[in-house]
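All remarks here apply to the structure that follows.
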Amino acid sequence: MAGAPAGSGGVLVIAPDWDQQDWAAKLARHDPHRPIHTWRADAPPAEYSYAAVWNPPTGALAAISGLRVIFNLGAGVDHLLDDATLPPVPIVRCVNANLTGRMTEYVVCQVLLHHRRIPAYRTLQEARTWKALPQPAANTVNVGIMGLGVLGEAAAQALVSLGFGVAGWSRSEKSIAGITCHAGASGLEAFLAGTDILVCLLPATPQTAGILNADLFARLRHDGALGGPVLINAGRGTLQVEDDIIKALDDGMLAGASLDVFDPEPLATGSPLWDHPQVIITPHIAADSDPQAICTDVMAQIAAFEAAGIAALPNRVDPGQGY
Ligand code: NDP
Ligand code: OXD
55 MAGAPAGSGG
65 VLVIAPDWDQ
75 QDWAAKLARH
85 DPHRPIHTWR
95 ADAPPAEYSY
105 AAVWNPPTGA
115 LAAISGLRVI
125 FNLGAGVDHL
135 LDDATLPPVP
145 IVRCVNANLT
155 GRMTEYVVCQ
165 VLLHHRRIPA
175 YRTLQEARTW
185 KALPQPAANT
195 VNVGIMGLGV
205 LGEAAAQALV
215 SLGFGVAGWS
225 RSEKSIAGIT
235 CHAGASGLEA
245 FLAGTDILVC
255 LLPATPQTAG
265 ILNADLFARL
275 RHDGALGGPV
285 LINAGRGTLQ
295 VEDDIIKALD
305 DGMLAGASLD
315 VFDPEPLATG
325 SPLWDHPQVI
335 ITPHIAADSD
345 PQAICTDVMA
355 QIAAFEAAGI
365 AALPNRVDPG
375 QGY
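First residue of the sequence shown? That's 55 in the working numbering, and the numbers climb one at a time after it.
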């Protein structure tokens, strides 16, 4: 499938970290007559109308002629926008019920693990110690979600249904039933001051880089029902200052953490985070999604775009905002 000219309407899959052939086959299932090829570093420049990408090498998209739309095969686009040679065509990010559902599972799971003190019980179990710890009810614990977008809002709704107090923080003002909404720099202080479990689902942008740092941890609620705040980051590794997290865990500024994303990935084998009893590490799987579900969406969007134009692509990225 690699290499041959595709011409107008063709799709090029550029995802060298993944099984490109498998993604191309899954896309082709929906439109067997459309040329769908896979990227090769040594292939000459060619014409494709669409690119379906994850972590494309710098310059790979600029080498395509006739490109009309870039479909990102995940939700976060930071890896794409870092490419200064990116052609000026619309970028559509992945908004998919399968992906959203899996992220909701991850957030609910991690919130409950810390809320029900499972890391502490694990330590007690290792010492064969039978000891009950204080267990506050969900309605006495506040979860604060940084990033109240597609993923943040879905997770927030699920946590509301479990009885937690839920607040969110976004760039623009919002009003969502059952969720206390804060926005912008002026809303951050009140948001943090009421938060026992902080969930980060922000995109990686110049504004959010390093936002999860010692100064922010100090502004969380420290006299809440859990006895200290907890950090859950499934946004991006560049949002967190790892040294500050380790220090905050050691000096009690944070009571626990669940981290799914790191900078760089994988997390170095020597990192003290691996051994910390109050830390849960997962390898960027929070929203590990079904590729077929994502391919179905991409092909449906191509058909809709060809029928109705750009208005048929609502999940376009704003390169000026970086997400
Ligand atoms: P959205 O674009 O739907 O939501 C992003 C949210 O972040 C919005 O609420 C936005 O505010 C807010 N935001 C952005 N910049 C700022 C800022 N400077 N200050 C305050 N709020 C800000 O994205 P998704 O919910 O779909 O995804 C969020 C991120 O999750 C992705 O960018 C990706 O990094 C990460 N992700 C991680 C995965 C994993 O497996 N670990 C899987 C999928 C995604 P506003 O609403 O005002 O625009
Ligand atoms: C991501 C994704 O953006 O997996 O991390 O979609």
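Positions of the beta carbon are idealized from the N, C-alpha and C atoms, including for glycine.
Measuring only the C-alpha atoms, how far is residue i from residue j?
i: P326; j: N267; result: 17 Å
i: V131; j: A209; result: 20 Å
i: F218; j: M200; result: 16 Å
i: M353; j: L81; result: 7 Å
i: A244; j: I339; result: 31 Å
i: W328; j: L178; result: 18 Å
i: E101; j: D351; result: 23 Å
i: V143; j: G120; result: 10 Å
i: M55; j: I334; result: With a pLDDT of 42 at M55, under the threshold of 50, the predicted position of this residue should be treated as unreliable, and no value is reported.
i: A387; j: N152; result: Nothing about residue 387 can be read from this structure; the chain reaches only from 55 to 377.
i: D304; j: L285; result: 14 Å
i: T194; j: G281; result: 12 Å
Return the residue from the list the options that minimises the CA-CA distance to residue i.
i: R147; options: A239, N369 and P373; result: N369
i: T154; options: A357, D372, L66 and I348; result: I348
i: N150; options: V204, A231 and V123; result: V204
i: W223; options: L313, L242 and P283; result: L242
i: R94; options: Q75, G63 and C254; result: Q75
i: P110; options: A174, D71 and M307; result: D71
i: A288; options: L367, D305 and L252; result: L252
Could you pull the start and end residues of the beta strand (DSSP E) that residue i belongs to?
i: C254; result: I251 to C254
i: G310; result: G310 to L313
i: W223; result: G219 to S224
i: A272; result: Taken as a continuous stretch (DSSP letters only), A272 belongs to no beta strand (DSSP E), being part of the alpha helix (DSSP H) at A268 to A272.
i: L127; result: Where L127 is concerned, there is no enclosing beta strand (DSSP E), given that its DSSP letter is neither H nor E.
i: A106; result: Y104 to V107
Give the DSSP bridge partners of residue i, in chain order.
i: T92; result: V67
i: Y175; result: In the DSSP output, where bridge partners are listed per residue, Y175 has none listed.
i: R370; result: V146
Return the first residue and the last residue of the alpha helix (DSSP H) that residue i is part of.
i: I348; result: P345 to A362
i: H169; result: A151 to H169
i: A300; result: The sequence given here places Ile at residue 300; Ala does not occur at that position. Segment E296 to D304, the alpha helix (DSSP H) holding I300.
i: L205; result: V204 to S215
i: L242; result: G238 to A247
As a quick check of your reading: which residues have a C-beta less than 5 Å from at least one non-hydrogen atom of the ligand OXD, in chain order?
G128, A129 and G130
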